[in-house]
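Numbering (the UniProt record's numbering), first residue to last: 1 to 424.
Yeah, the Cβ is synthetic: ideal placement off N, Cα and C, and Gly gets one too.
For clarity, every value in this text was computed on a predicted model and none was experimentally measured.
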């Protein structure tokens, strides 16, 4: 997919009807909506080609959306479910699947309810989409990094390009610049001060869908880093006193924990760490066993067998799960049947900090919805719209992130088209 580079100059201003800044799913969807309304659209992106984070997310299987029914699907957006809901009503999971089918890409629902393209890949979908966008007249400008606006009366957009700074005069602007994770793919959060200086209310960007650091011993880390822990359940009580318990699996990293189960509860864990400086979660190492059964098996006479052999034969606890017990319990607790049984069902694990935002799957925070109208136009900057991960919302993995990016891009695209065509 070679980028469409347009010659630039530092001496003349490029006039455009609508400028979309950011070539991820939200920006491309906004561009598609605008083009469908007869608006001439120019897409600008700092990278050499568009959709880089989208392609990276699809390397392990392109999870487009989720087949979970309403209202559970909308509930995945937590405190922002009420403002995301109208966007999903317009472009939700089923509509997204139909839209993908319109690109000639078939989809299927996996056993977990996640929706994938039949070939599991992102690249064919992106190629088909870009072909359709170009055919509709959308023009692409690669290696154009947005620097804000000029200080003169024209308030032109400023872009740094390989040929120098390029001013662009746009009648409507859609910002779809992503959050602050995976900076090397274009989402670096550099837009925050550019909007803040114009009075836009922005919630601090924070890690989301992230792993956490644990002070493992050198021996445990060396033995078990990279090992999955399954089946297991994780329990945490959030800052509001609400209990969360979820079953799944996670992975031991050299310095902590990561993986789908951890990501699913990363928001309440992160919030606890921000409030208290750490978070204690509890692991249920045998979620399919009730507490009484575990106590009965642990208390069974073991004769001359070692404790490790006893746990393996009676409860199937071995490997990384046995290692976690030895890592987190004292020797006295390991040899106290009641304490050991209780720990197997609720092993306390102290989490020290979230992983750095640049290496996590997504970020929370961003432009607050209170700073925009219902069409995602900034109150402080009429004619400027925002979409995608740069908005103040978060969701777990499983297709929810991508669905909201598409949906918000569609909302911003419609809003900006109405602004241009109808003056509202």
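1. Helix, strand or coil, according to DSSP, for residue 292 in the structure here?
2. Can you list, in chain order, the residues of its chain with a C-beta nearer than 6 Å to that of residue 414? Leave out the 5 residues immediately preceding and following it.
3. Report the three-state DSSP secondary structure of residue 405 (helix, strand or coil).
4. Within a Cβ cutoff of 8 Å, which residues of the same chain sit near residue 249, ignoring the five residues on either side of it in sequence?
5. Below 7 Å, is the gap between the Cβ of residue 196 and the nearest heavy atom of the ligand SAH?
6. What's the C-alpha gap between residue 180 and residue 396?
7. Return the residue from the list 398, 145 and 355 that minimises the CA-CA distance to residue 186.
8. Does the Cβ-Cβ distance between residue 158 and residue 147 come in under 8 Å?
9. What three-state label does DSSP hand residue 20 in the structure shown?
10. Beta-carbon within less than 7 Å of residue 160's beta-carbon, same chain only, minus the 5 sequence neighbours each way: which residues are those?
11. Between which two residues does the beta strand (DSSP E) harbouring residue 149 extend?
12. For residue 419 and residue 383, I'd like the C-alpha separation in whole angstroms.
13. Between which two residues does the beta strand (DSSP E) holding residue 114 run?
14. For residue 67 and residue 126, I'd like the C-alpha separation in whole angstroms.
15. Can you find at least 3 beta carbon pairs, one from the region 73-81 and one from the region 18-30, that sit closer than 8 Å?
16. In angstroms with no decimal places, state the Cα-to-Cα distance between residue 282 and residue 316.
17. Identify the residues that DSSP records as bridge partners of residue 139: which are they?
18. Roughly how many whole angstroms lie between the Cα atoms of residue 113 and residue 363?
19. Grab the span of the beta strand (DSSP E) containing residue 363 for me, first residue to last.
20. Going by beta carbon distance, what residues of the same chain come within less than 6 Å of residue 22, once the five residues before and after it are set aside?
21. If you draw a straight line from the C-alpha of residue 47 to the C-alpha of residue 195, how long is it?
22. Which of the three DSSP states, helix, strand or coil, is assigned to residue 192?
23. Take the Cβ of residue 408 as the centre, count every other Cβ of all protein chains shown within 10 Å, and call the residue buried at 16 or more, exposed below.
24. Return the chain-ordered ranges of every beta strand (DSSP E) run that is complete within the region 61-96 and spans a minimum of 3 residues.
25. Name the DSSP bridge partner or partners of residue 335?
26. When you compare the region 287-304 with the region 336-347, are there three or more beta-carbon pairs, one atom per stretch, that lie closer than 8 Å?
27. My guess is that residue 265 and residue 234 are in contact by the Cβ rule of under 8 Å, so how many angstroms apart are they, rounded?
The relevant details are as follows:
1. helix
2. 33
3. helix
4. 228, 229, 230, 231, 232, 259, 260 and 261
5. In the structure on display, the ligand SAH does not appear, and there are no ligands present to speak of.
6. 16 Å
7. 145
8. yes
9. strand
10. 145 and 147
11. 145-149
12. 7 Å
13. 114-117
14. 22 Å
15. no
16. 20 Å
17. 42
18. 24 Å
19. 362-367
20. 176 and 177
21. 21 Å
22. helix
23. buried
24. none
25. In the DSSP output, where bridge partners are listed per residue, residue 335 has none listed.
26. yes
27. 6 Å
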